[in-house]
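S.K.: Have a look at the structure that comes next, please.
Residue numbers (our numbering): 16 to 431.
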């Protein structure tokens with residue numbers, strides 16, 4: 016009866032010790048500290064005088080932590096898997112207790128006077144990560160009970176060491192990613208500054224080219240001027256396209272610079288939508304398009320920048336007109352529903368191939384098809400639209416069927 020009680024008490028004491036070791040190990044994610052705490056607990060609780068933890072590094076074992084009379088020069092050195100009692104235990108993935116180390120040919124006497132050694136593989140998630148060994152000059156202290164207990168302790172050390180190792184690896188990766196992000200951000204800033212300066216500096220040369228072309232045209236005899244008029248038209252169109260590109264780039268830069276400023280001024284989207292449609296009626300009429308606008312209710316207010324929201328709606332309506340063939344329809348609808356302002360521009364145009372839809376809002380991307388190859392554009396419009404909408408706390412709406420038409424729009428939170 017007393018023996019059973021003693022066994023039960025020892026078991027409870029061991030469980031309590033393991034719980035304390037678990038608590039101590041789990042509070043740390045520094046691999047060196049975890050190994051130091053774990054080895055100290057193993058040596059102390061295993062009745063040992065010295066011990067070491069080796070971690071697997073590729074096809075070698077690295078001495079990661081030592082305690083006792085080991086030569087300090089061994090720390091952080093590597094040994095092959097096939098050396099020593101630890102190598103044998105790790106290859107077999109089985110804990111070993113050797114009570115007479117002097118007679119074992121695999122024993123390496125790094126610590127003088129030792130007569131017994133435990134070698135216990137550190138296994139985490141069914142994967143060996145290293146090995147723990149402890150030694151003593153008094154083999155009688157390495158009882159089967161102590162051997163079993165140290166194995167339980169080694170399992171805790173393995174999990175804690177593996178977690179700390181993964182944490183340090185993740186932290187290293189994050190630092191590396193941060194460094195790459197900083198470099199990319201700096202390159203992005205340089206690129207943006209160069210594009211902005213180029214766009215700004217191109218304005219004067221474009222104006223000079225246009226003036227020079229008009230002077231040359233004016234000085235030509237009437238018959239030659241009339242004969243060369245198609246060439247002058249090409250030059251004018253090219254200048255207008257370059258001017259549109261520079262304007263879009265500078266507009267994008269202005270939007271990016273204003274992104275840090277909170278948007279709070281109430282804006283009536285209904286008034287903007289009606290104004291845009293009225294201003295684009297002449298363009299729609301040139302293609303005999305039926306351009307309509309429907310708003311409900313008559314006032315739909317959102318917090319925002321009026322000029323930028325005008326630019327959004329104007330861009331969507333202009334695109335719909337450009338990409339809809341003659342005698343088609345462009346319908347603008349604006350509704351207030353579920354605390355959101357929902358604007359959609361629906362057209363009966365060419366539509367967008369499914370393969371191009373994923374890249375539609377990327378800068379400088381244009382979904383070119385046979386039907387739209389002659390349509391002028393910079394590929395910046397939809398990118399700017401998306402940036403403005405997201406800056407206002409909204410999201411884009413889009414659907415398209417190639418050959419049937421498209422719907423472009425957005426949702427913005429209503430003014431509270």
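From the three backbone atoms N, C-alpha and C, an ideal C-beta is built for every residue, glycine too.
Treat the numbers as computed from the prediction; the structure is a model and nothing was measured.
1. Using a 10 Å radius around the Cβ and a threshold of 16 neighbouring Cβ atoms, would you call residue 113 buried or exposed?
2. Can you have a look at residue 404 and say buried or exposed, based on whether 16 or more other CB atoms are within 10 angstroms of its CB?
3. What residues in its chain sit with their C-beta under 6 Å from that of residue 394, if we drop five residues either side in the sequence?
4. Does the beta-carbon of residue 334 have 16 or more other beta-carbons within 10 angstroms, so that it is buried, or is it exposed?
5. With distances taken from CA atoms, which of 161, 165, 294, 182 is nearest residue 49?
6. Return the chain-ordered list of same chain residues with a C-beta closer than 6 Å to the C-beta of residue 168, the five sequence neighbours on each side being excluded.
7. Per DSSP, which residues does residue 95 bridge with? Please list them.
8. Could you check if residue 91 is buried or exposed, using at least 16 other CB atoms within 10 Å of its CB as the buried criterion?
9. Cα separation between residue 34 and residue 123?
10. Under a three-way DSSP split, which group does residue 35 fall into?
11. So residue 356 is in the alpha helix (DSSP H); what residue range does that whole segment cover?
12. Using 9 Å as the threshold, is the C-beta distance between residue 280 and residue 319 below it?
13. For the segment 279-367, which segments carrying the beta strand (DSSP E) assignment without a break, of at least 3 residues, lie completely within its bounds, in sequence order?
14. Are residue 321 and residue 367 closer than 9 Å when you measure CB to CB?
15. So what does DSSP say about residue 81, is it helix, strand or coil?
16. Once the 5 residues before and after residue 398 are set aside, which same chain residues still bring their CB inside 7 Å of it?
17. If you run the structure through DSSP and keep just helix, strand and coil, what is residue 257?
18. Would you tell me roughly how many angstroms separate the C-alpha atoms of residue 21 and residue 31, rounded to the nearest one?
19. Answer with buried or exposed for residue 407, where buried requires no fewer than 16 other C-beta atoms within 10 angstroms of its C-beta.
20. Is the CB-CB distance between residue 360 and residue 424 below 9 Å?
21. What would DSSP say about residue 19, mapped onto helix, strand or coil?
22. Determine the extent of the alpha helix (DSSP H) in which residue 116 is found, giving its start and end residues.
23. Per DSSP, residue 139 forms a beta bridge with which residues?
24. If we count the other Cβ atoms within 10 Å of its Cβ and call it buried at 16 or more, is residue 421 buried or exposed?
25. Could you tell me if residue 134 is buried or exposed, where buried requires 16 or more neighbouring beta carbons within 10 angstroms of its beta carbon?
26. Return the CA-CA distance between residue 498 and residue 176, expressed in angstroms with no decimal places.
27. Indicate the three-state DSSP secondary structure (helix, strand or coil) for residue 424 in the structure shown.
28. Using only the alpha-carbon positions, how far apart do residue 189 and residue 46 sit?
29. Specify the secondary structure class of residue 15 as computed by DSSP and reduced to three states.
30. Which partner residues of residue 266 appear in the DSSP bridge assignment?
31. Under 6 Å Cβ to Cβ from residue 305, same chain only, skipping five residues before and after it: list those, please.
32. Please state the DSSP three-state secondary structure of residue 134.
33. I want to know whether the segment 98-117 touches the segment 77-88 - three or more CB-CB distances under 8 Å.
34. By how many angstroms is the C-alpha of residue 297 removed from the C-alpha of residue 341?
35. Short check: CB of residue 68 to CB of residue 156, under 9 Å?
36. Would you say residue 426 and residue 410 are within 9 Å of each other, going by their C-beta atoms?
M.R.: Working from what's here:
1. Burial check for residue 113: the Cβ neighbour count within 10 Å reaches 16 or more, so the residue is buried.
2. By the Cβ neighbour-count rule, residue 404 is buried, with 16 or more other Cβ atoms within 10 Å of its own.
3. The residues are 379, 380, 381.
4. So residue 334 counts as buried.
5. The candidate whose alpha carbon is nearest that of residue 49 is 182.
6. Answer for residue 168: 57, listed in chain order.
7. Residue 95 pairs with 75.
8. Looking at its Cβ environment, which holds fewer than 16 other Cβ atoms inside 10 Å, residue 91 is exposed.
9. Within the model, the alpha-carbon separation for residue 34 versus residue 123 is close to 33 Å.
10. For residue 35, the three-state secondary structure derived from DSSP is helix.
11. Element bounds for residue 356: not the alpha helix (DSSP H) but the beta strand (DSSP E), 355-362.
12. Contact check for residue 280 against residue 319 passes: the beta carbons are separated by less than 9 Å.
13. Scanning the segment 279-367 for uninterrupted beta strand (DSSP E) segments of 3 residues or longer gives 281-283, 305-311, 316-318, 344-352, 355-362, listed from N- to C-terminal end.
14. Cβ atoms of residue 321 and residue 367: not closer than 9 Å.
15. Residue 81: strand per DSSP, three-state reduction.
16. Taken in chain order, the residues that qualify are 376, 377, 378.
17. Residue state for residue 257 is assigned as helix, using DSSP reduced to three classes.
18. Because residue 21 sits at a pLDDT of 49, beneath the cut-off of 50, its placement in the model cannot be relied upon, and the point is left open.
19. By the neighbour-count rule (16 or more Cβ atoms within 10 Å), residue 407 is buried.
20. With respect to residue 424, residue 360 sits close: the two C-beta atoms are nearer than 9 Å.
21. Low local confidence applies: a pLDDT of 48 at residue 19 is under 50, so the model's placement there is unreliable, and no value is given.
22. In the DSSP assignment, residue 116 falls outside any alpha helix (DSSP H) and carries neither an H nor an E.
23. Residue 139 is bridged to 142.
24. Counting other Cβ atoms within 10 Å of its Cβ, residue 421 reaches 16 or more and is therefore classed as buried.
25. Label assigned to residue 134: buried.
26. Limits of the chain in this structure are 16 at one end and 431 at the other, which puts residue 498 out of reach.
27. Three-state result, residue 424: strand.
28. Between residue 189 and residue 46, the C-alpha separation is close to 17 Å.
29. It is not possible to answer for residue 15, since the shown part of the chain is limited to 16 through 431.
30. According to DSSP, which records beta bridges pairwise, residue 266 is partnered with nothing at all.
31. These residues qualify, in order along the chain: 344.
32. Here residue 134 sits in strand by DSSP.
33. Because the criterion of three Cβ pairs below 8 Å is not met, the segment 98-117 and the segment 77-88 do not touch.
34. Distance between the alpha carbons of residue 341 and residue 297: 13 Å.
35. It is not a contact, given that the beta carbons lie outside the stated cut-off.
36. Contact flag set, yes.
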